Amino acid sequence: MASHKHFVPLARPQVFFTTDESAQYFECGYSCDHAILLVLDSRKIFFTDSRYTTEAKEYLARGIELVGSANLLESMIELLQKERVKSLAFDPLQVCVQEYQMLLAKLPKCTLEPLPNFHQQLRIIKSDEQVALIAKSQELNKKAYKRFAKMIEKTIERLDNPTELYLHALARQALEQDGSYTLSFNPILSINANAAKPHALPCKDHLRDGDLLLFDAGIKYKRYCSDRTRTAVFSQGRIHFGKKQKFSDKKLQKIYDTVRKAQESAIASLRTGMSGKQIDALAREVIDKAGFGEYFSHSTGHGIGLDIHELPNISKRSEMIIEDGMVFSIEPGIYLPGLYGVRIEDLVVVRNGHAEIL
């Protein structure tokens, strides 16, 4: 019998810095768009400028040191020189060439350790509290979908054939709920042929009876993201975002049923110890057998948390081993250019070796 593979977590660097807002929030309960967080063993130092220092004092977690500066990188380097730091980890995706050259020049005795996406790797296994926050975010997102469906139906009563652009604006209202929530990302709303573009921009196409509508959206709850996609039929002034959909076009119905089967199969069959690409294959195999493999153009899923796209990747190339506590999407799709596209997406958490839909 083959041995069970296990996820090997990244060791947390003792000294690192980050400009990423999600990493900053995770570490110290606050972030802003112009800051550096430096972690020196047990110390955490938050560098920002005068626009944010007052707010930072209010929201930073207890014990975080705050440094106001007009030049964040220089201030951090001065502290590193003073502390005679010998090794410094960082995410090279956050550092430009000029900044890297400055670090090399001013810290000649310090080993710079580039670790791409290292903080997302540190956050890949969610705690029970984090899973609960994501679950709450998704619960609120589902309610927003129901609210949006009712808003569409009320709109049709007074406005024939609204455009995608109009419905997109309406969707934002349903999701944000008068400013109560922020968005995980700009919603994707597309009708018929525009839905054949997986991440379509809204256009001036009108919603008419019998049309397909693809809706992909998420909100944030206490900074944690949700994400959900449904493909629905608009018929006789009514629409719902449940998974049971009946399309008049037989080929479209076959495609929809295939996508739904692919998603259900992947969720039911995935186990801890599988790699991301093995889970991707579970969904892809169903679509391949139905004859639509060439029209499934993206990966099966992605991790989610403080960022809308986190680790693990559920894709053809992902060797990452899936473990309990990981949260990610399962979202297969089929897209026929010029006709329509279908995608169904849910979030799952891995518990006791299996997937549970959030």
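Residue 338 in the UniProt record's numbering sits at position 338 of the sequence shown, with consecutive numbering throughout.
All C-beta atoms, glycine included, are put in the ideal place defined by N, C-alpha and C.
Values in this document were obtained by computation on a predicted structure and should not be read as measured data.
Pairing Thr231 with Val97 gives a Cβ-Cβ distance that is not under 8 angstroms. Residue pairing for Tyr221: DSSP places it in a beta bridge opposite Tyr224. Counting along the chain, the unbroken beta strand (DSSP E) around Ala35 starts and ends at 35-40. In this structure, Tyr340 places its C-beta atom within 8 angstroms of the C-beta atom of Asn192. Taken through DSSP and simplified to helix, strand or coil, His354 comes out as strand. By the Cβ-count criterion, Ile330 is buried, with 16 or more other Cβ atoms from all chains shown falling within 10 Å of its own Cβ. The beta-carbon distance between Ala61 and Phe16, rounded to whole angstroms, is 17 angstroms. This is too long to meet the 8 angstroms contact definition. As the crow flies, the alpha-carbon of Ala355 is around 24 angstroms from that of Ser297. Scanning Val350, Thr19, Ser42 for the CA closest to the CA of Asp33 turns up Thr19. Going by C-alpha positions, Asp178 is about 46 angstroms away from Gln101.
Buried is the label assigned to Thr300, since at least 16 other Cβ atoms lie within 10 Å of its Cβ. In this structure, Ile344 lies away from Arg208, with their beta-carbon atoms at least 8 angstroms apart. A distance below 8 angstroms between beta-carbons, with the five flanking residues on each side excluded, links Gly338 to the following residues of its chain, in chain order: Ala193, Ala196.
Annotated as distal: Ser275 and Ser226, with beta-carbon spacing of 8 angstroms or more.
Where Gly276 is concerned, the enclosing alpha helix (DSSP H) starts and stops at 276-289. Leaving aside the five residues that flank Gln173 on each side, none in its chain has a CB nearer than 6 angstroms to its CB. In summary, Ser318 is buried, with 16 or more beta-carbon neighbours lying within 10 Å of its beta-carbon over all protein chains present.
Of the candidates Gly325, Gly333, Pro332, Asn352, Gly325 places its Cα closest to the Cα of Arg123. Rounded to whole angstroms, the gap between the alpha carbons of Tyr166 and Pro187 is 13 angstroms. Leaving aside the five residues that flank Gly303 on each side, the residues in its chain whose CB is nearer than 6 angstroms to its CB run, in chain order, Glu310, Leu311, Pro312, Phe328. As computed with DSSP, Glu264 is found in no beta bridge at all.
Straight across, the Cα-Cα distance linking Gln81 with Glu58 is about 29 angstroms. In summary, Arg43 is exposed, with fewer than 16 beta-carbon neighbours lying within 10 Å of its beta-carbon over all protein chains present. According to the DSSP assignment, Asn141 belongs to the alpha helix (DSSP H) that extends over 128-158.
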